[in-house]
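Trainee: Residues 4 to 196 in the working numbering are what the sequence shown lists, from first letter to last. Each residue gets a CB set at the ideal place from its N, CA and C atoms; glycine is no exception.
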Amino acid sequence: MSDEDVVRYAQSGHKDAEEYLLRKYQKLVYVWTRPYFLQGAEDDDLLQEGMIGLYKAIRDFTPGSSSFWSFAKLCITRNVISAIKGTTRQKHIPLNSYTSLHKPVYDADGDRTLMEVLSNNRVDDPETLVIDRERLLHTQRHIKKVLSEFEYKVFRLYINGLTYKEMAARLGTHTKSIDNALCRIKHKIAREF
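Encoded structure:
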């Protein structure tokens, strides 16, 4: 019995036929998804996306148009690429580039986690508050000197949490200009600090 015949059985509601195809093509799904990388995910996640593509191929295949094998490969590849595109969208950047609060931080005090560093339990006295405020103002002035006028406007909007689209609308420019400015800002600030 050909794969096309088994697909027809699966499409008519025979779960055994569907399971047979899923098992039969699982190794091929692994081979076809191996060249891809899904940021912030594990290899099993890509395999799962490929298996979803295989399921869609079983569901949507039309006999006579092409072989099931080539249609399945196309569906699997497209589903994996769609998943990759989905994770690389701007809204997923915080998820994909996070830093764990439990990551070890190596400093003069030995091995501590970022959480321990951030939860420093010192009580801020008025003198410390004034010094911290002065440092912040000094840093802001220095950043303003380093950046162009446009970059500084983008920087201020960015730290206030605006999206690329909102910043572009406020500044009357394109999102690509905002993206380019943020890249320059990151390089300049990294170089200065």
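Inspect the beta-carbon positions of Leu-31 and Tyr-58 and report whether they are closer than 9 angstroms.
Mentor: No, the pair does not count as a contact, with Cβ atoms beyond the cut-off.
Trainee: Between Leu-50 and Tyr-39, which are expected to be in contact by the criterion C-beta below 8 angstroms, what is the C-beta distance as a whole number of angstroms?
Mentor: About 10 angstroms separates the two Cβ atoms, so there is no contact after all.
Trainee: Pick helix, strand or coil for Arg-37, following the three-state DSSP scheme.
Mentor: DSSP places Arg-37 in coil when its eight states are reduced to three.
Trainee: Please classify Pro-129: does DSSP put it in a helix, a strand, or coil?
Mentor: Looking at Pro-129 - three-state DSSP - the assignment turns out to be helix.
Trainee: Can you give me the C-alpha to C-alpha distance between Ala-20 and Ile-61, rounded to a whole angstrom?
Mentor: Cα to Cα, the separation comes out at about 10 angstroms.
Trainee: State yes or no: is the C-beta of Phe-153 within less than 9 angstroms of the C-beta of Ala-184?
Mentor: Contact flag set, yes.
Trainee: Three-state secondary structure (DSSP) at Ala-13?
Mentor: Correct three-state label for Ala-13: helix.
Trainee: I'd like the list of long-range same chain contacts for Glu-7, defined as Cβ closer than 7 angstroms, with 5 residues on each side in sequence excluded.
Mentor: For Glu-7, where only same-chain residues beyond five positions count, the Cβ hits under 7 angstroms are Pro-66, Phe-71.
Trainee: Quick check on Cys-186: buried or exposed, where buried means 16 or more other Cβ atoms within 10 Å of its Cβ?
Mentor: Cys-186 comes out exposed.
Trainee: Taking its Cβ as the centre, do 16 or more other Cβ atoms sit within 10 Å of Thr-36, making it buried, or is it exposed?
Mentor: Answer is buried; the Cβ neighbour count reaches 16.
Trainee: Taking C-alpha atoms, which residue in Glu-169, His-145, Lys-179 lies nearest to Ala-193?
Mentor: When only C-alpha atoms are compared, the closest one is His-145.
Trainee: Check each candidate in Asn-163, Asp-182, Glu-52, Thr-91 and name the one with the smallest Cα separation from Lys-76.
Mentor: Ranking the options by Cα distance to Lys-76, first place goes to Glu-52.
Trainee: Buried or exposed: Val-133, going by 16 or more other Cβ atoms within 10 Å of its Cβ?
Mentor: Exposed, by the Cβ-count rule.
Trainee: Closer than 8 angstroms by C-beta to Cys-78: which residues in its own chain qualify, once you throw out the five before and the five after it? Chain order, please.
Mentor: Taken in chain order, the residues that qualify are Gly-56, Leu-57, Lys-59, Ala-60, Asp-63.
Trainee: Buried or exposed: which applies to Ile-188, given that a residue is buried once 16 or more other Cβ atoms fall within 10 Å of its Cβ?
Mentor: Flag for Ile-188 reads buried.
Trainee: DSSP state of Thr-91, grouped into three classes?
Mentor: Reduced to three states, the DSSP call for Thr-91 is coil.
Trainee: Quick one: give me the first and last residue of the alpha helix (DSSP H) that Glu-152 is part of.
Mentor: 152-162 is the extent of the alpha helix (DSSP H) around Glu-152.
Trainee: Please report the straight-line C-alpha distance between Thr-91 and Ile-84, rounded to a whole angstrom.
Mentor: Roughly 11 angstroms separates the two Cα atoms.
Trainee: If you run the structure through DSSP and keep just helix, strand and coil, what is Ser-73?
Mentor: Residue state, collapsed to three classes: helix.
Trainee: Closest to Tyr-155 by C-alpha separation, out of Leu-174, Asp-48, Phe-74, Glu-169, would be which residue?
Mentor: Ranking Leu-174, Asp-48, Phe-74, Glu-169 by Cα distance to Tyr-155 puts Leu-174 first.
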